[in-house]
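Read through the structure below, which is laid out as structure tokens, and then see the notes.
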Amino acid sequence: MRRKKLGFVSLILLFSVTFSMLGGCAKKEEPVVSNGEIDEFQKFVFSSNSEVTGLNPLLNTTAPDNGLQAIILETLIDSVADEDGTAIIKAAAAETWDVSEDGLVYTFKIRDNAVWNDGVPVTADDFVFTYRMMATPEVGSTNAWLFDGVIKNFGEALYEGTKTPEEIGVEAIDEKTVQFTLTKPCAYFLDLLTGAKPVREDKWEEWGSTYGSSHDKIVMNGPFLIDSWDQNVQMTLVKNEDYWDAANVKLDVIERKVIREPATAVQALLSGQIDVVGTNDPEWRQVIEAEGDKFRMIQMPDNAPEFLGFNCNNKYFKNPKIRIAFSLGFDREKYIEDLRYGLSEPLYSLIPSVINCGDMPYKERVGGRNEIVKELMEQYPDPRALLVEGLVEEGFDPDPSKMDVKYATRGTAEYSKKSAEWLQQQYEEVLGVSIIIDMMEWNIMWEKVDQNDYDICTAGWGPYYNDPNALLEIFHPTDGYFDSTKTGWTGPDAEKYAELLEKASSSTDDDERAELFLEAEKLLVGTGVVAPTYCAVSTIYLADYVKGYYVSPVAGVDYTKIYTVGRP
Amino acid sequence: MARFIIKRTLLGLFTLFVIITVTFFLIAGAPGDPIAAKVEQMPEKAQRVIRAKYGLDQPVFKRYIIYMKNLITTGDFGESIIYTGRSATDVIKANAPISVKINIIALLAQVIIGVFLGLVAALNMGKSVDHITRVSVVLAICIPSFVFAALLQYFVAFKWRLVPVFGWGKPAHYVLPVLAYALPGIATYAKYMRSSTLSVINEDYIVTAKAKGATQGRIVRKHILRNAMIPIVTMLGPAIAGIFGSSFVIENVFAIPGLGSYYVNAVRDNDYTMVLGLTVFFAILYVAALILVDILYGVVDPRIKVAGGED
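In the order they appear, the protein sequences are chains E and B. All the letters of the first sequence, read from the start, carry residue numbers 1 to 568 under my numbering. All the letters of the second sequence, read from the start, carry residue numbers 1001 to 1311 under my numbering.
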């Protein structure tokens, strides 16, 4: 008897679970009416290959997190993509701002009608609190380090404990005025500010560590609010009617889907389930382009350089000639043809062409003189001879094939493998060196770099703000991410490099800064400490009924500008 | 029976303890750490601040003691390092039901269709039904489920527009993932059912039943099915435990928010608390399912007496 009962109970269990899932799934799509011009119901659907890990702007700072938070949280000022793909700084929660003559004091006036979604006004204290939390070590804010050495007393409070977070250079002058005091002039300070989204003190205390872990545990002040969040599937955002500029926001609804598989995303675009997709895959591009003018193509150069790093502590790479030979030992344009479907910018400078120095691209400001690798190519037409010269100098066998050099891959995916083999073949052909490919997961590679336990590594870097300094400072021998313990780069060149960067950072003249950056780059790239390789170009396809969608590699999408005309 | 269950439960608890300990030290000893994933680009001093926040500046053994104490006293797996403010328990609560729904439907389809096909093939041994089943079974076992998933998506969803390409929430969204999950299982169950039926068919008691004039239907139901089901029940245990987990690849293809992708990502990012939480969760299910199967054996086959049983 007991046996039968067991079987029966488990059957009921099975069925009740099965049936409960059938209920509660039917959800009506909103009707879409087109009146010939701008659609009555304004909806925009996009997808991302990763989910949002959380909404706490101080702790959740992956690229997808940042992108989403920029829609729901408004900073003092914002940097958004303009029609031509450039970045523009626009007034956001702050209506106006002043910079003192010495470039050390920034004062922001917050709008009177800026409010949080629960009706509480946005005040200067909210921003003061946000920055104080960032400067509190126990909070462990992941983007706080950007303000170290920029805002007065910030690093002292965060790292040294010699000051308290209350003493940092961020103050509320009155309810609606917030003032920042800097340690030195900072040409890219406004750009930095766009990354620090506000949190509110009362809720921060109330929710504690769960702040931002779900959409009802966050206060928002941006143009859109999260209506529902099914993690890993979809987030639905609706227009914030209380937003100060709500009259100029056209979309009613934004849907953010999570699609990890690129092929799925393309098929979703073609079948009308999403409005925009990025793909560089030539086969999918062909399929999309075969649809004719249903989709518009946007090509966007990236701002994150890829480069090879040569460990300057290595027995070979301590010699600049050997490093330069390896930097010249492969064809950048062929790399892009062979491995990137011809879609990338070959890099002869560490600074991609979209990066600004002041109000114009760095490359333009120095008149293209930053293409240091090209100069090296002219200077040393035969990299192999240069390599042999270096080998002799260091007392090695002049036969390059006897070299023992390992290449650490950044991950074990197909692309890492292919590019490693490509490089192996190039070095074999050009230099006569057989490098050994050491396949490893990316986090292991970073750990090896940390411990200076590598010969050649491959890395990329997405700059946190739009200035050459954001890329050059990572190689600062004492303060940079790739400091001399990682790169092994020491000596007079490295010291001079640090000096040049410090000089540039205390200047407010963009021409002078550009020249100093160029000098610094000549030391870094010109002696082969790093070999810039390429900078990706993204191809984006957009449904033609979507208007006002602009992208830039150095600024976010402005969702307040998007609208649709004639969505089917 | 009660003594058996108590004994197995205690053994299960010990197994869990070993699993947690081994997993803890394995993941702590693995190269890279969760902070590396999160702060890849930060200068060293910034990384130190964040490492201290999550207690990662402590020696491994001390971290183990703290973790175990917390787990035993509060039953809490701890807060994820990547998904801040959320614990493994939250992620399991939110995502396990999704895997469960798909997998239960798929499992039912697998067992029912698989057993039926296997039985029919065996009873018609050597006839064309048998050949067709056998060939399809071999094919279905050989095609990896993700290939099948991609094919289904391309043709059924994209080319013929019968169901959505991806998504979650509507009944139509279940069709493709369930098919992709069920196919290899159907084939496996059919294969096992066919061979176990064949071995049962020639037993003396079947001949006896026939000699006594039992109808074909009665023989199949009463004599063949029950005996031939034993290997299926063995396979069912892990399969039931598996309904909470799911294939990372199929989830990715159809953008289904199951537990699989969380598990894989947690391991990749070395998100210690998440990996441990999910591992313990799966381990509990697995141990429980194995105990359940032992009990079920007795139900299917009264000849099997569980160890320690009094009767």
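Ideal Cβ positions, reconstructed from N, Cα and C, are used throughout, including at glycine. Only a predicted model underlies this, so the values are computations on that prediction, with no experimental measurement involved.
Please classify residue i: does DSSP put it in a helix, a strand, or coil?
{"i": "E175 of chain E", "result": "coil"}
{"i": "P305 of chain E", "result": "strand"}
{"i": "G556 of chain E", "result": "strand"}
{"i": "F127 of chain E", "result": "helix"}
{"i": "W229 of chain E", "result": "strand"}
{"i": "I254 of chain E", "result": "strand"}
{"i": "S79 of chain E", "result": "strand"}
{"i": "M1229 of chain B", "result": "coil"}
{"i": "G67 of chain E", "result": "helix"}
{"i": "G149 of chain E", "result": "coil"}
{"i": "I1256 of chain B", "result": "coil"}
{"i": "I218 of chain E", "result": "coil"}
{"i": "S141 of chain E", "result": "coil"}
Please return the same chain residues whose Cβ sits closer than 6 Å to the Cβ of residue i, not counting the five positions on each side in sequence.
{"i": "E95 of chain E", "result": "K109, R111"}
{"i": "N280 of chain E", "result": "Y341, L343, T539"}
{"i": "V1264 of chain B", "result": "F1248"}
{"i": "V1032 of chain B", "result": "Residue identity differs from the one stated: residue 1032 of chain B is Gly in this sequence, not Val. Excluding positions up to five away in sequence, the list reads N1270."}
{"i": "A1187 of chain B", "result": "V1137, A1140, I1141"}
{"i": "M21 of chain E", "result": "Any reading at M21 of chain E must be qualified, since the residue scores a pLDDT of 34, below 50, and its modelled position is unreliable; the value itself is stated next. Excluding positions up to five away in sequence, the list is empty."}
{"i": "A555 of chain E", "result": "S79, V80, A81, A87"}
{"i": "T181 of chain E", "result": "V105, K152, G169"}
{"i": "T1009 of chain B", "result": "none"}
{"i": "N56 of chain E", "result": "Y211, G212"}
{"i": "V546 of chain E", "result": "D275, T564"}
Using CA coordinates, which residue listed in the options is at the minimum distance from residue i?
{"i": "H1223 of chain B", "options": "B:S1199, B:V1280, B:I1082, B:A1239", "result": "B:S1199"}
{"i": "T53 of chain E", "options": "E:A413, E:Y464, E:N66", "result": "E:N66"}
{"i": "V199 of chain E", "options": "E:L76, E:L270, E:G278", "result": "E:L76"}
{"i": "N569 of chain E", "options": "E:G566, E:N452, E:S507", "result": "Look at the range of chain E in this structure, 1 to 568, and you will see that residue 569 of chain E is not part of it."}
{"i": "L237 of chain E", "options": "E:N143, E:Y243, E:R256", "result": "E:R256"}
{"i": "Q299 of chain E", "options": "E:G278, E:F317, E:N319", "result": "E:G278"}
{"i": "L1016 of chain B", "options": "B:V1287, B:T1197, B:P1164", "result": "B:V1287"}
{"i": "G1085 of chain B", "options": "E:G195, E:S209, E:L516, E:S79", "result": "E:S209"}
{"i": "K1093 of chain B", "options": "B:N1227, B:A1180, B:F1077", "result": "B:F1077"}
{"i": "N452 of chain E", "options": "E:E428, E:Q426, E:D467, E:T485", "result": "E:T485"}
{"i": "A91 of chain E", "options": "E:L193, E:D102, E:L59", "result": "E:L193"}
{"i": "V150 of chain E", "options": "E:F189, E:E499, E:Y481", "result": "E:F189"}
{"i": "G272 of chain E", "options": "B:G1213, B:F1148, B:V1165", "result": "B:V1165"}
{"i": "E74 of chain E", "options": "E:V258, E:N240, E:Y407", "result": "E:N240"}
{"i": "W97 of chain E", "options": "E:D118, E:V178, E:V115", "result": "E:V178"}
Give the DSSP bridge partners of residue i, in chain order.
{"i": "Q424 of chain E", "result": "For Q424 of chain E, which the question treats as bridged, DSSP gives no partner whatsoever."}
{"i": "M440 of chain E", "result": "E:G411"}
{"i": "Y541 of chain E", "result": "E:V277, E:M297"}
{"i": "V170 of chain E", "result": "E:F180"}
{"i": "S1087 of chain B", "result": "B:E1079"}
{"i": "V105 of chain E", "result": "E:T181"}
{"i": "C357 of chain E", "result": "E:M360"}
{"i": "E610 of chain E", "result": "With chain E running from 1 to 568 in the structure shown, residue 610 of chain E is simply not present."}
{"i": "M235 of chain E", "result": "E:W229, E:R256"}
{"i": "L563 of chain E", "result": "Going by the sequence as given, residue 563 of chain E is Tyr instead of Leu. BP columns for Y563 of chain E point to E:K547."}
{"i": "K43 of chain E", "result": "E:V253"}
{"i": "A87 of chain E", "result": "E:A81"}
Starting from the C-beta of residue i, find all residues in its chain whose C-beta is less than 8 Å away, skip the five residues before and the five after it, and write them out in chain order.
{"i": "L347 of chain E", "result": "P305, E306, F307, R332, V373, P532, T533, Y534, C535"}
{"i": "V9 of chain E", "result": "Because the pLDDT of V9 of chain E is 33, which lies under 50, any placement of that residue in the model is unreliable, and the number read from its coordinates should be weighed accordingly. Counting only Cβ-Cβ distances below 8 Å, and skipping sequence neighbours, we find nothing."}
What does a CB cutoff of less than 7 Å around residue i pick up in its chain, not counting 5 residues either side in sequence?
{"i": "W442 of chain E", "result": "R410, G411"}
{"i": "A157 of chain E", "result": "A135, K163, T164, P165, E167, I168"}
{"i": "I1113 of chain B", "result": "I1186"}
{"i": "A70 of chain E", "result": "G556"}
{"i": "P553 of chain E", "result": "M300, P301, D302, N303, V354"}
What residues in the stretch 1143 to 1170 of chain B have a beta carbon less than 9 Å from any beta carbon of chain E? A1150, Q1153, Y1154, A1157, F1158, R1161, P1164, V1165, F1166, G1167, W1168, G1169, K1170
Chain-ordered residues of the stretch 225 to 250 of chain E with a beta carbon less than 8 Å from chain B: Answer in chain order: D230, Q231, N232, V233, Q234.
Using a beta-carbon distance cut-off of less than 7 Å, what residues from the stretch 55 to 85 of chain E approach chain B? N56, L59, N60
Check each residue of the stretch 280 to 304 of chain E: if its Cβ is closer than 9 Å to any Cβ of chain B, include it; give the result in chain order. Answer set for the stretch 280 to 304 of chain E: empty.
Taking a cut of 8 Å between CB atoms, which residues from the stretch 1067 to 1086 of chain B lie near chain E? E1079, I1082, Y1083, T1084, G1085, R1086
Interfacial residues, the stretch 184 to 209 of chain E to chain B, with Cβ spacing under 7 Å: S209
For the stretch 484 to 498 of chain E, enumerate the residues whose C-beta is nearer than 7 Å to any C-beta of chain B, in chain order. none
Determine which residues of the stretch 97 to 120 of chain E have a Cβ less than 7 Å from any Cβ of chain B, and write them out in chain order. For the stretch 97 to 120 of chain E, which is checked against every Cβ of chain B, not one residue is closer than 7 Å.
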